[in-house]
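Numbering (numbering that gives the first Met the number 0), first residue to last: 0 to 780.
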Amino acid sequence: MGVEGIGARVTRKEDKRFLTGKGRYTDDMTVPGMKYAYFVRSPYGHATIKNIDATAAKAMPGVIDVLDGKQLQADGIGNLICGWMIHSKDGTPMKMGAWHPLAVDTVRYVGDAIAIVVADSSGEARDAAEAVVIDYEQLPAVVEAVAALASGAPQIHPEAPGNLIFDWQIGEPDAVDQAIASAAHVTEIEILNNRLSPNPMEPRATLGIYDTAEDHYTCYTTSQNPHVARLVMSAFYNVAPENKLRVIAPDVGGGFGSKIYIYPEEIICLWASKKTGVPVKWTSDRTEAFLTDAHGRDHVSKVKMAFDANNRITALKVDTIANLGAYMSLFSSAVPTYLYATLLSGQYAIPAIHANVRTVYTNTVPVDAYRGAGRPEATYLLERTMETAARELGVSPAELRRANFIRTFPYQTPVIMNYDAGDYEASLNAAMQAADWAGFAARRSQSEARGKKRGIGMSCYIEACGIAPSAAVGSLGAGVGLWESAEVRVNAVGTIEVLTGSHSHGQGHETTFAQLVAGRLGVPIESISIVHGDTDKVQMGMGTYGSRSGAVGMSAIVKALDKVEAKAKKIAAHLMEASEEDIVIENGELKVAGTDKAVPWFQVALASYTAHNLPSGMEPGLKETAFYDPSNFTFPAGCYIAEVEIDPDTGETDIVQFVAADDFGNIINPMIVEGQVHGGIAQGIGQALLENVQYDANGQLLTASYMDYAMPRADDLPSFTLSHQNTPCPSNPLGIKGCGEAGAIGSPPALINAITDAIGHNKLTMPATPMKVWQALQTAH
Numbered sequence: 000m001g002v003e004g005i006g007a008r009v010t011r012k013e014d015k016r017f018l019t020g021k022g023r024y025t026d027d028m029t030v031p032g033m034k035y036a037y038f039v040r041s042p043y044g045h046a047t048i049k050n051i052d053a054t055a056a057k058a059m060p061g062v063i064d065v066l067d068g069k070q071l072q073a074d075g076i077g078n079l080i081c082g083w084m085i086h087s088k089d090g091t092p093m094k095m096g097a098w099h100p101l102a103v104d105t106v107r108y109v110g111d112a113i114a115i116v117v118a119d120s121s122g123e124a125r126d127a128a129e130a131v132v133i134d135y136e137q138l139p140a141v142v143e144a145v146a147a148l149a150s151g152a153p154q155i156h157p158e159a160p161g162n163l164i165f166d167w168q169i170g171e172p173d174a175v176d177q178a179i180a181s182a183a184h185v186t187e188i189e190i191l192n193n194r195l196s197p198n199p200m201e202p203r204a205t206l207g208i209y210d211t212a213e214d215h216y217t218c219y220t221t222s223q224n225p226h227v228a229r230l231v232m233s234a235f236y237n238v239a240p241e242n243k244l245r246v247i248a249p250d251v252g253g254g255f256g257s258k259i260y261i262y263p264e265e266i267i268c269l270w271a272s273k274k275t276g277v278p279v280k281w282t283s284d285r286t287e288a289f290l291t292d293a294h295g296r297d298h299v300s301k302v303k304m305a306f307d308a309n310n311r312i313t314a315l316k317v318d319t320i321a322n323l324g325a326y327m328s329l330f331s332s333a334v335p336t337y338l339y340a341t342l343l344s345g346q347y348a349i350p351a352i353h354a355n356v357r358t359v360y361t362n363t364v365p366v367d368a369y370r371g372a373g374r375p376e377a378t379y380l381l382e383r384t385m386e387t388a389a390r391e392l393g394v395s396p397a398e399l400r401r402a403n404f405i406r407t408f409p410y411q412t413p414v415i416m417n418y419d420a421g422d423y424e425a426s427l428n429a430a431m432q433a434a435d436w437a438g439f440a441a442r443r444s445q446s447e448a449r450g451k452k453r454g455i456g457m458s459c460y461i462e463a464c465g466i467a468p469s470a471a472v473g474s475l476g477a478g479v480g481l482w483e484s485a486e487v488r489v490n491a492v493g494t495i496e497v498l499t500g501s502h503s504h505g506q507g508h509e510t511t512f513a514q515l516v517a518g519r520l521g522v523p524i525e526s527i528s529i530v531h532g533d534t535d536k537v538q539m540g541m542g543t544y545g546s547r548s549g550a551v552g553m554s555a556i557v558k559a560l561d562k563v564e565a566k567a568k569k570i571a572a573h574l575m576e577a578s579e580e581d582i583v584i585e586n587g588e589l590k591v592a593g594t595d596k597a598v599p600w601f602q603v604a605l606a607s608y609t610a611h612n613l614p615s616g617m618e619p620g621l622k623e624t625a626f627y628d629p630s631n632f633t634f635p636a637g638c639y640i641a642e643v644e645i646d647p648d649t650g651e652t653d654i655v656q657f658v659a660a661d662d663f664g665n666i667i668n669p670m671i672v673e674g675q676v677h678g679g680i681a682q683g684i685g686q687a688l689l690e691n692v693q694y695d696a697n698g699q700l701l702t703a704s705y706m707d708y709a710m711p712r713a714d715d716l717p718s719f720t721l722s723h724q725n726t727p728c729p730s731n732p733l734g735i736k737g738c739g740e741a742g743a744i745g746s747p748p749a750l751i752n753a754i755t756d757a758i759g760h761n762k763l764t765m766p767a768t769p770m771k772v773w774q775a776l777q778t779a780h
């Protein structure tokens, strides 16, 4: 391990351009003749469209055209799809309602796009949009998941009677019911997981360009997976043949899952470019982001956890209603099913589990993956239940968890997952020691002496990352494979380009991927370039989400490096008249082990291209491609402890310490991993204390700005105490598990457990705002 290789705290290469304002984002892109788009959106949560009159708008200064859904439909552009098929427990397929990129006859949430205005400037486009006259007939709306299933609730899609999308189950209901009936103790709890808005730093944007001469389309977009965007827009939405469509995702300023999907705006701007004959750019403003970016979470669950006389868990029963919003987004069906219910065993040996999940349509923004995607919902449910059970049983929450930990691996859970490696007790012990768990009682007494309430809570999380293998997810309904690709190009002077199907939107790939290559080949990190985000440059790839870039993306690079190294050694052995088995790579040279014979890396690279003296039959060049399909998910895990102090007069919660002990397997760059954990915990704290999307009964979004939607700020966050315990992952060549989502998964239950410990009862839902906490304290009295 060198100073630039695996394990080194290398500063991020990409930060030079980001910190100096030299990043190139979609909104920075300009092309000759470019015009600007603004979307006419529904002001109603639910209504029929009686008539659209764009006459006045089209006559306004600078307006190129106003286009609507009927024109889009007439040109054969398809509806948006959900790419993961789920079947109900009776075998029927999920009920997917039609999602037109531009609404044709019905709008189903505030913000549903109806028309696009293309004009010389964004201001002119906005002004003209206000002049489009639409005659609506307002319909009753429903926004809450439970209410959507009630008899007589407004019907949102004709394809889904009663608003039920699917009624799905996993596990053994009879075995669970029998275990609950014979249990020594049963803990019951209702869990609400609040709806969140993703709020990446960079709003979504797209630039659609149609080249008449070449009959070719180019789409710049804020995407986490440009190749999938190209695939879906060509194969399902009929925008353009795949060979006639280039998708470029340049620098992307955060995603958190919300930029995985293909939204209406990408499709419409490409179509509008051909229709109007000009390049068309759209950039969301913040209100549009709140109104249209896919939301996250929004579950209502009832839980029963059964214990025997020795406080061992014997069964878990979960009934969840998940709100998917007005339409099914690209991966929305997978989030409350295979990314949620399959993690309900947590870190615990639970013999019998049954989960029933019903998903519903409501007149709200579509819901899909948001940082963690199903795993935070599972962890919050499980860890709130464990903490509640410990209080009911009168035992230490730490010792109840310890008594139920899985201790032998591999471990087959009752809900599909096969955990390959872990040491949950090590993380628990590390967290408890760092938090001075034993000294809490004294600290609580000190707080009480100052008139404050003090509480401590923990959360032991596990997640499934990598989202693979392809055959497994395919059998579960996924519409695509979840492998990854890489190409390693060694240039004639020895510099290296790595083309990856993964996509960075803040994770530091340009640094960590280069560290892998530098450590493997012994070359300076400055000589390595990482290329991603352009479907014309990079071979097909599956993008970045689910903490898969390391475990899957970097594993593909390893496979390509294996081929490059093998060929380089053959060339070096030939040049030095040695056996290739004796060739080693050290410090940028290929050497004959045990001798002073060596060839510099650049000389081997040059030899491969001059081809004057290659081994017989060898092709010139030094470039290799690989595809990697994992054999299993990876399973990061850890223990988080939060300690809070509450002012009973105001309900204000102060996080006095936060400890995170994580097992991410082997780590490429500790500094980047720590940053990922910090960011994840901050988002988890946001969910636990501050953030909440709210609608009124008519489907009007009440939290459509930062005046109403509370984001965590620096003074809301404590300093974090981090540690790392390492059980390498046996399922990939690097032994890494993934770290990008852990902080957002483990932190909410730890915080709510701490707050409920302080207030003395469980009657509290997220977000635990000062008002809610104050009211809960009054209930306690």
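Cβ atoms here follow ideal geometry from the backbone N, Cα and C, with glycine treated the same way.
Query raised in the report: Where does Pro365 sit, in a helix, a strand or coil, going by DSSP?
Result: coil
Query raised in the report: Contact between the stretch 438-455 and the stretch 477-484: three or more CB pairs below 8 angstroms?
Result: no
Query raised in the report: When the Cα atoms are used, what is the spatial distance from Asp561 to Val487?
Result: 10 angstroms
Report task. In the DSSP assignment, find the alpha helix (DSSP H) that holds Met670 and state where it starts and stops. Result -> 669-688
Query - Check whether Pro468 and Ser730 have beta carbons under 7 angstroms apart - result: no
Query raised in the report: Any contact of the stretch 200-219 with the stretch 16-28, i.e. 3+ C-beta pairs under 8 angstroms?
Result: yes
Query raised in the report: Is the stretch 653-660 touching the stretch 99-110 in the sense that three or more CB pairs, one from each, lie closer than 8 angstroms?
Result: no
Report task. Would you check if there are 3 or more beta carbon pairs closer than 8 angstroms linking the stretch 665-675 to the stretch 1-10? Result -> yes
Query raised in the report: Among Pro766, Ile684, Leu716, Ala681, which one has its Cα closest to the Cα of Val692?
Result: Pro766
Requested in this report: Put His760 into one of helix, strand or coil per three-state DSSP.
Outcome: coil
Report task. Inspect the beta-carbon positions of Gly793 and Gly473 and report whether they are closer than 7 angstroms. Result -> With the chain covering 0 to 780 only, the question about residue 793 has no answer from this structure.
Requested in this report: Report the partner residues of Thr335 according to the DSSP bridge assignment.
Outcome: The residue asked about is misnamed: residue 335 is Pro in this sequence, not Thr. Note: Pro335 sits in no beta bridge, so no partner.
Query - Segments assigned alpha helix (DSSP H), at least 4 residues, entirely inside the stretch 19-66 - result: 54-57
Query raised in the report: With 16 other CB atoms within 10 Å as the buried threshold, where does Gly32 fall?
Result: exposed
Requested in this report: Just mark Met0 as buried or exposed, buried being the case when its beta carbon has 16 or more other beta carbons within 10 Å.
Outcome: Low per-residue confidence applies at Met0: pLDDT is 40, beneath 50, and the placement is therefore not dependable, though the value from the model is reported in the following sentence. With fewer than 16 other Cβ atoms within 10 Å, it is exposed.
Query raised in the report: Given a threshold of 16 other Cβ atoms within 10 Å of its Cβ, counted over all protein chains shown, does Ala555 qualify as buried or as exposed?
Result: buried
Query raised in the report: Closest to Gln699 by CA distance: which of Cys81, Ser607, Asn362, Ser615 is it?
Result: Asn362
Query - Beta-bridge partners of Met457, as assigned by DSSP - result: Ile640
Report task. Express the C-alpha separation of Tyr360 and Leu230 in angstroms, rounding to a whole number. Result -> 27 angstroms
**Report entry** Cβ-based burial, Asn242 [other Cβ within 10 Å; buried from 16]
**Finding:** exposed
Report task. Whole angstroms is fine: what's the gap from Asp533's alpha carbon to Ala228's? Result -> 11 angstroms
Requested in this report: Using the Cα positions of Phe663 and Ala741, report the straight-line distance between them to the nearest angstrom.
Outcome: 9 angstroms
Query - Check: Ala152 C-beta below 6 angstroms from any heavy atom of the ligand GTP - result: Absence of the ligand GTP from the depicted structure is noted, as is the absence of any ligand whatsoever, leaving it without description.
**Report entry** Of the listed residues Ile640, Asp419, Pro172, nearest to Leu315 (C-alpha basis)
**Finding:** Pro172
Query raised in the report: Does the pairing of the stretch 111-120 with the stretch 47-60 give three or more beta-carbon distances under 8 angstroms?
Result: yes
Requested in this report: Go ahead and label Lys536 buried or exposed: buried means 16 or more other beta carbons lie within 10 angstroms of its beta carbon, across all protein chains shown.
Outcome: exposed
Report task. Please classify Phe306: does DSSP put it in a helix, a strand, or coil? Result -> strand
Query raised in the report: By DSSP, does Arg245 sit in helix, in strand, or in coil?
Result: strand
Requested in this report: Apply the 10 Å Cβ neighbour rule to Asn162 and answer buried if 16 or more other Cβ atoms are within range, or exposed otherwise.
Outcome: buried
Report task. Taking the CB atoms as reference points, tell me whether Thr313 and Ser300 lie closer together than 7 angstroms. Result -> no
Requested in this report: Confirm, please, whether the CB-CB distance from Val364 to Gly324 is below 7 angstroms.
Outcome: yes
**Report entry** Through-space distance from Lys566 to Thr358, alpha-carbon basis
**Finding:** 52 angstroms
Query - Cross-strand partners of Asp419 (DSSP beta bridge) - result: In DSSP, Asp419 forms no bridge with anything.
Query - Residues bridged to Phe404 (per DSSP) - result: Tyr347
**Report entry** Whether Tyr544 touches Gly256 by CB criterion (7 angstroms)
**Finding:** yes
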